[in-house]
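Structure first, commentary second.
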Amino acid sequence: MSSPTSYVMYLVLRRDLMSSLGWPMGAVCTQAAHAASAVMWLYRNDPNTLEYTKELDSMHKVTLGVDSEEELNKVGERLKGKEIDHKVWVEDGQSVCIALKPYPKEQVKNALKGLKLF
Numbered sequence: 001m002s003s004p005t006s007y008v009m010y011l012v013l014r015r016d017l018m019s020s021l022g023w024p025m026g027a028v029c030t031q032a033a034h035a036a037s038a039v040m041w042l043y044r045n046d047p048n049t050l051e052y053t054k055e056l057d058s059m060h061k062v063t064l065g066v067d068s069e070e071e072l073n074k075v076g077e078r079l080k081g082k083e084i085d086h087k088v089w090v091e092d093g094q095s096v097c098i099a100l101k102p103y104p105k106e107q108v109k110n111a112l113k114g115l116k117l118f
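Following the UniProt record's numbering, the numbering of the sequence shown begins with 1 at its first residue and continues without gaps.
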């Protein structure tokens, strides 16, 4: 008997928002929340999202970081090329966070290879 599939939502957030641009921690957290909410809404009827939300108290998220908007955009292009559903959150005209719809970890790990925790 195989174990049930575990779903995870990945967020990719820019570190430079706080380090170089001086955004407060609360504002950066809010951007991640916007991206997560948007991707959940966009893919609300997707089977992965439905499975992910079955256990509200144990939804798993991982926040990864990049050092610049340029790096974030490269991640977005990589995800697009691999046909991985996601949402790029834009605030004040700049890309600040990417949220992937929930996926089994094994399905997206290669697309996120090399990214470190935020």
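Ideal placement from N, C-alpha and C gives every residue a C-beta, glycine not left out.
Three-state secondary structure assigned by DSSP to residue i
i	result
residue 55	coil
residue 23	coil
residue 5	coil
residue 111	coil
residue 101	coil
residue 121	Within the shown structure, residues of the chain are numbered from 1 to 118, placing residue 121 beyond reach of any answer.
residue 91	strand
residue 74	helix
CB of residue i within 8 Å of CB of residue j, strictly
i	j	result
residue 101	residue 48	yes
residue 72	residue 14	yes
residue 115	residue 63	no
residue 42	residue 96	no
residue 111	residue 82	yes
Integer-rounded CB distance, given that residue j should sit under 8 Å from residue i
i	j	result
residue 52	residue 10	Contact doesn't hold; Cβ gap of about 12 Å is too wide.
residue 76	residue 98	6 Å
Counted within 10 angstroms of its Cβ, other Cβ atoms place residue i as buried (16 or more) or exposed
i	result
residue 25	exposed
residue 79	buried
residue 31	buried
residue 87	buried
Own chain residues within Cβ distance below 8 Å of residue i, not counting five before or after
i	result
residue 1	Residue confidence for residue 1 is low, a pLDDT of 44 falling below 50, so the modelled location carries little weight and cannot support an answer.
residue 57	none
residue 54	none
8 Å Cβ cutoff, residue i in contact with chain B
i	result
residue 92	Note that chain B does not occur in the displayed structure, where there is just one protein chain.
Spatial neighbours of residue i in its chain, beta-carbon cut-off 6 Å, leaving aside the 5 residues before and after
i	result
residue 34	89
residue 28	17 and 18
residue 68	16
residue 105	8
Cut-off 7 Å between Cβ atoms - residues of its own chain near residue i, not counting five sequence neighbours on either side
i	result
residue 23	17
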